[in-house]
Amino acid sequence: MRAFTKALVSAGAAVGIAATGNLAITGTAMAAASPGPRSAVAPSDASAAPTWQAMDTVCKTYTALDGVTSRGEICAEVQKRVTDTGSVTGYRGRVVLSPLNGYEMKPTTYHWNTGAGLSEVCAGGCAPQAGAWTSAWSPVHTASSGPYKVQGEFGDGSLWDLHASWGAWQTADQTCLTYTAGKVCVRYEVRSYRDTPQERSRLTYTPVKGGYIIPISIAVGSKIDGSTTDTTRNLCQPCTKRTTSYSATVSRDTPNPAGTNEYYATARFEHPNGKTSTLKAAITG
1 MRAFTKALVS AGAAVGIAAT GNLAITGTAM AAASPGPRSA VAPSDASAAP
51 TWQAMDTVCK TYTALDGVTS RGEICAEVQK RVTDTGSVTG YRGRVVLSPL
101 NGYEMKPTTY HWNTGAGLSE VCAGGCAPQA GAWTSAWSPV HTASSGPYKV
151 QGEFGDGSLW DLHASWGAWQ TADQTCLTYT AGKVCVRYEV RSYRDTPQER
201 SRLTYTPVKG GYIIPISIAV GSKIDGSTTD TTRNLCQPCT KRTTSYSATV
251 SRDTPNPAGT NEYYATARFE HPNGKTSTLK AAITG
């Protein structure tokens, strides 16, 4: 897992704002603060102000030590700032408390899982809350989103934490070869989804005019202390000649063992002459 964590941190550090992918939870757009006065422009030159849109919300109900009495619910919310052309230019998070039965909740710190340090939810510290309470939105985070982690404590000193949001897929390793039929690549990609590390294999094909390949399968897997597991996607249902640009993926949650590990992505495909090839991208550690 050390290799995966290192690859995730390295990839995240190299990227700025990135697409959030198709897992985003659609929410009601919230208008951004009205801009100040500006010079008049022709209607054709006008550009709509960015809007804040819901990205992810994660809620958890907590119980007392008896496992029955509810302490209440805590939610972590993340929004993304989207321009009128669809570009994501920032993220912000907040925490919503709904304590019950006299239990108190107090948020302490939060951070974005992109190498950023801890920040206080409330400047100078939050007061314990025994009733419904919502924090202010965090300052706008403009690096690759990563999960938003907020943490705090209950009145008895026990701790809680929540993750919401996810990072964009980042390439940890790739292998590309150019054939008569075109260029084929396989990429081993990683990201954090809430509090879960994930990995995937991506096959891409860029044809040369008149060329084609027949994708057969892709897989993402790991070899942990000599034991191999993988998730494979069959692309031959039916077998199809790909004469235009093509891409396919398969993903899974990343195993979290100790020991000597290899994490890899593979892709298998057929050439026009009937020969099959397998490409592999991997990290070890």
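Take the sequence shown: its position 243, counting from 1, is numbered 243 in our numbering, and each next residue is one higher. Quick reminder that beta carbons are idealized off the backbone N, C-alpha and C, glycines included.
Straight-line Cα distance separating residue j from residue i
i           : j           : result
residue 267 : residue 145 : 29 Å
residue 74  : residue 66  : 19 Å
residue 205 : residue 179 : 11 Å
residue 143 : residue 155 : 34 Å
residue 188 : residue 118 : 30 Å
residue 203 : residue 124 : 49 Å
residue 278 : residue 269 : 7 Å
residue 273 : residue 211 : 11 Å
residue 48  : residue 167 : 26 Å
residue 222 : residue 230 : 6 Å
residue 33  : residue 87  : Note on residue 33: pLDDT 37, under 50, position unreliable in the model; no value is reported.
residue 244 : residue 151 : 48 Å
Status (buried if at least 16 other CB within 10 Å, exposed otherwise) for residue i
i           : result
residue 137 : exposed
residue 140 : exposed
residue 240 : exposed
residue 236 : exposed
residue 238 : exposed
residue 172 : buried
residue 281 : buried
residue 275 : exposed
residue 120 : exposed
residue 208 : exposed
residue 162 : buried
residue 192 : buried
residue 122 : exposed
residue 22  : Because the pLDDT at residue 22 is just 32, under 50, the model does not fix this residue reliably, and the point stays unresolved.
Residue span of the beta strand (DSSP E) that contains residue i, given as start and end
i           : result
residue 209 : Taken as a continuous stretch (DSSP letters only), residue 209 belongs to no beta strand (DSSP E), as it is neither H nor E.
residue 94  : 88-99
residue 234 : 227-234
residue 252 : 246-253
residue 261 : 261-270
residue 56  : 51-63
residue 111 : 105-112
residue 140 : It is not in any beta strand (DSSP E) - residue 140 carries neither H nor E in the DSSP assignment.
residue 164 : 159-164
CB-CB length for residue i against residue j, believed under 8 Å
i           : j           : result
residue 233 : residue 217 : 6 Å
residue 96  : residue 134 : 5 Å
Practice task
Count the C-beta pairs between the segment 74-83 and the segment 51-64 that are closer than 8 Å, then say yes if the count reaches three, no if not.
Solution key: yes
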